[in-house]
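So in our numbering the end of the sequence shown lands on 1180, straight run, no missing numbers.
Note that the Cβ used here is the ideal one computed from N, Cα and C, for glycine as well.
Since the structure is predicted, the reported quantities are computational estimates derived from the model, not experimental observations.
Read through the structure below, which is laid out as structure tokens, and then see the notes.
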Amino acid sequence: MPKKMPRDCQTPRHHSKRKRGLLSPLPPLPPLPPPAAPSSSSLPSLFFFPTQRCHPSLFKKCAQEIRQIHCKQDYFAVVEKNGSVLIFDQGDERQGHPRKPRYVNLRKNTRVDCLDTEATHMLILSSEGKLFEHSISTTTNKSEIRLLEDLVNKPIVQIACGDHHSMALSKGGELFTWGKNSHGQLGARSQITFPKMPQLVKDLQGIPVAQIAAGGAHCLVLSLSGAVYSWGKNSFGQLGLGHTKDMALPQYITALEHKKTVFVSCGGEHSAVLSKDGLVCTFGAGGYGQLGHNSTRNELTPRLVAELFGAQVSQIACGRWHTLVYVSSLGKIYAFGSREEGQLGNGDKSSQLIPLPLKLPLNEENDRKHNQENGTSGNGIKIIAEGNQSIVLFFKEKDPYINLNRIAVVNNEKLDKWISCSDAQQWERIKKNIRLIFSSVACVNGSFLEKRDKRFGTSHNISGVDVSEVLLFYEKIKKKPRVFQQVIKESEKLLKSLPSSSLSPEALGVYLIMPVLLQGQDDQSNQLLGLLAEAILRLQHKDLQVLESLWSNLETPFFKDLVNLYQKLCRISLSHLIIQAKTFKELTYGPQVEMTSIVLQILYQVNCKAGFKVHENNFYVPEVKEIWWQDWCIDLFLVILQKLTKYPCIFDMKNKIEVHKVTCQWVQFSRPTNPLVLHIRREHLVNDALQTLRFRVPTMYGGPLKVIFRGEPGRDGGGLSREFFRIITKELCEPKAQIFRRFECSNLIWFPSQVPGHQDVFHLVGILSGMALFNFHKVPFPFPLALYKKMLGIPLSLEDLRELSPTEGSNLQKMLDEEYDDILEEMMLDFTVMKKEGESIVTVELKENGANIPITKHNRKEYVDAYVNYIFNESVKKPFKDFMDGFLRGCPANSWRIFLPTELQTVFRGHTKYDWQLLEKNANYINYEKTDQTIKNFWAVFHELPEEKKKNFLVFLTGTDRIPAEGMEYLILKIEKLQKEDPDEYYPMANTCSQILGLPNYSSEEILREKFLTALENYEKFGLS
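Structure follows, in structure tokens:
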């Protein structure tokens, strides 16, 4: 901003009578007469720069009579306040005088709303939204006015013209272009060089357009949420995309994201945008200084006009090579760019590189008075820059100048009319309005935007949709069935026509809006939700990812409602499937089941990434339980199972375990092999087991497992295998085994960075783990949750390290939270980590040249991520790969992938949440009654035991101290009366395969206690606890 504002001014009343063309040299300006001290009432209201090419009659017009004034080459067109059009034509130089102003008449009783012109014709928009064309050829005084029949059924609200192309925005949010397409300025995916028929700009479908603007051969579009899109010629960077390549399709200007843009303007080959905060950015050709950056350099991306910073600009206008801005708070108009034609208001023809006040014939005192009369809101002044002409209008009364008409959207006033309507004719108009809005994605998206500045926050993470407003709208129209049914009727057509791609996130708002409108508990809403699911799955991958991000940032109640809608729809679809299969003994797996299941699974994944906003049971579909109890042929059952297991979220934990068991059994059935028998010496259990596995062929792992302890009686019905896995897990984790790396602070284990001993040890551990899972046994290795995340391909984080190594995790978190740079510097950390190799400590770089990169506030997050990645991935690549190769060999069924990491951990390790009262409650009795005194005595003794003794009892009974993954209710203890002549002489016995406790009918509680405790103690001595 210049410190000193020039006071000299120039009156526009001097007008050259010589007729000149656009590029004819201009005569020097006549000297100014001494200015009188005018009163505010005598101030002119219409100013032109330059004045030479203006028709003399123009100076007789009063700004208060003008609705719009437009200039193109030597033509001026004025839309008067009464809706008529007056053309001021300088005519040909040879004629010696300008033509008489002439009126352009449309149809009878048709008022003109606005106009714009190309090089050869004028577009005229009526107040009814009809669009007309009119030739402005210099060879005729009168030409036929033609109605654009192609757009006759599309009410138009805005028009814009470039040099040889035209744009028209319909009330329904559709943008049409036609004319020359040499630089892709039509943006309509058309290969035709000069289409005369309006073409729909399909890439902007769904974008709620607020304003359109056309430059020489490029276009800008502004959305209601402040996003700016550009296409066409880009030789000078006028599209603001950072390059100079012409673009034939609309492009989102990412540099203007969150800039709160409220107005755009196009020059010949430059562009300007105005923000809500009054900031101006320009880009494109700068050869005449028209960008205002004190240079003639081109700008490929939007750049803030620093000279105007803090000035609170309220209007901008771009001419061909110059720019005007109005600062309402100062009452000043600033200009910059080319002065060759006098468009900046003085005789100097050199380019003006920075914004300077336009020289108006007002001294400071009159300027002050004028501002007082007109206020400082900007409504009293209108600036226009077109071609090489500048025009300024001063309004002493209410501003009659044209305002931008907008696309149709829902608002409170309109909604109240819909709801309160009782007149039949008015209802027909309302139906038409509902049809217009709810058949257009753009109008729907524009109807429920956040209020005030929140709407400008639309991005890949924030939708800009006010979901609470959608809910309020739904609740109001639900009470008026006539309105509601009309909205639903039009919504069905909209859902069927939703595009598969979107240009930006704001086009995806409809996917957040429609579920709220379709939450009714009726068949019609369910059908439309199915159409919405189909549309969601049609989205291109990049757009679906954006939608998932928008879902993840919804408020939890709205996200939960969305989940419940599709969970309900999935339940209905699956119920129909099961009824069909039960009735007709055949399966037609319709798309409805699959589509709703896929959407629900996507929502579940979003929920996981968002930190579980809603509980997992909101995704469960209870109807899947019925699958297990149907009398179906195995093929039909497997078809259903195979399809539904693609969507794990619909299964609860118990159902997933059933799926896993059925799948494993089917694998065993389909590839029959002899059982894999492990002959084990108890004193050499680990060595015998690993040696046996080492020499087995891979195909042998698809059958059932049997364990035989040499020298011991008993056949393995499951109990001996459970005992085997419990013991070998414990021994492999012992420090003396030197297999795993143990973290003392968490008592958890992890893979070492170096493979100890035998090179295949982790491969064999993986086989053991896979065999256990395949045979429904537990392998309680104390791995952190990180292992199961890695197995399922889920990225790991600092939280996982905090579980494994609380001290390291806590220290890294403190580093992330540290506010002061000097403390980080004192830590003297870099991108390295210390690693033990044999007896030596070596330094490992976490990134290239890491030893020379100190940790700062700017890169500490990168360091933490690299550290976590090293611990869990880079340092253990070989042992983990060996483990997974072995695991997949030991468990040839893939059904384990259906589990979540926490669930998979539980299936591997079993539960340790004991409920001993529930164990008693669920117990079954053989030849005993619950009320028998011996049973009462047993439970009295059992409940007196310390926790460890109770767990030892589980080992004694089942072979393991872990309870089933389904929970304690699935551990059913059976107590059978041992028929003995002298029961007090016998100890309790356990059948671990059947989980039956043989309990003699002791004569007293004291004897029962003695015998029971002795059995447990002897069991420990044998090394079985």
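Cβ-based burial, residue i [other Cβ within 10 Å; buried from 16]
i     : result
L694  : buried
I734  : exposed
S1030 : buried
Q340  : buried
F349  : exposed
H696  : exposed
L1073 : exposed
F1177 : Legend: pLDDT at F1177 = 35, less than 50; position of this residue unreliable, no value from coordinates given.
G387  : buried
E454  : buried
R249  : With a pLDDT of 48 at R249, under the threshold of 50, the modelled position of this residue cannot be trusted; read the value that follows with caution. Result: exposed.
T206  : buried
K1166 : buried
A343  : buried
F774  : buried
L1163 : buried
N529  : Reliability of the predicted coordinates at N529 is poor, the pLDDT of 45 falling under 50, and the value obtained from them is presented with this limitation in mind. With 16 or more other Cβ atoms within 10 Å, it is buried.
H289  : buried
Closest Cα partner of residue i within the set the options
i     : options                      : result
L278  : N308, S1050 and V233         : V233
S281  : K572, D244, A323 and R254    : A323
G397  : F550, I408 and E974          : I408
G948  : P1056, F639, M750 and N600   : P1056
N708  : D716, V761 and P512          : V761
D271  : N260, K263, V240 and E299    : V240
C900  : P961, A540, C819 and D503    : P961
C1046 : N1014, P1034 and C819        : C819
S420  : M402, Y443 and Y384          : Y384
Q674  : L717, K1104 and H425         : L717
Q223  : R254, E235 and I782          : E235
I1053 : K1033, L1126, E813 and Y1018 : E813
V841  : V547, K885 and F824          : K885
Test item: CB-CB of residue i and residue j under 8 Å
i     : j     : result
P1143 : G1153 : yes
I904  : F895  : yes
T1089 : N1028 : no
Q797  : L559  : no
L1001 : F986  : yes
T145  : G685  : As displayed, the chain neither begins before 156 nor continues past 1180, which places residue 145 out of reach and without an answer.
Y856  : M808  : no
G361  : P654  : yes
N449  : I509  : yes
G422  : C374  : no
T1147 : T1113 : yes
V435  : V482  : no
L377  : T416  : yes
L959  : F1035 : no
L261  : F287  : yes
I805  : C725  : yes
G921  : D1040 : yes
A1145 : F1111 : yes
beta-carbon residue i near the ligand GTP non-hydrogen atom, thresh 7 Å
i    : result
D432 : Looking for the ligand GTP in the displayed structure turns up nothing, as the structure carries no ligands at all.
Strand pairing of residue i, partner residues [DSSP]
i     : result
M1144 : G1153
F331  : A323 and L355
Y489  : V480 and P512
P1009 : D985
L845  : L845 is not bridged to any residue.
D244  : Y230
I863  : H834
V620  : L604
Okay, do the stretch 974-984 and the stretch 1010-1020 touch, 3+ Cβ pairs below 8 Å being the bar?
yes
Three Cβ pairs or more, each shorter than 8 Å: is that satisfied between the stretch 362-373 and the stretch 298-318?
yes
At least 3 beta-carbon pairs within less than 8 Å: the stretch 441-448 vs the stretch 633-641
no
Should the stretch 662-681 be called in touch with the stretch 592-607, which here means at least 3 C-beta pairs below 8 Å?
yes
Segment contact flag, the stretch 559-569 with the stretch 493-503, C-beta cutoff 8 Å, min 3 pairs
no
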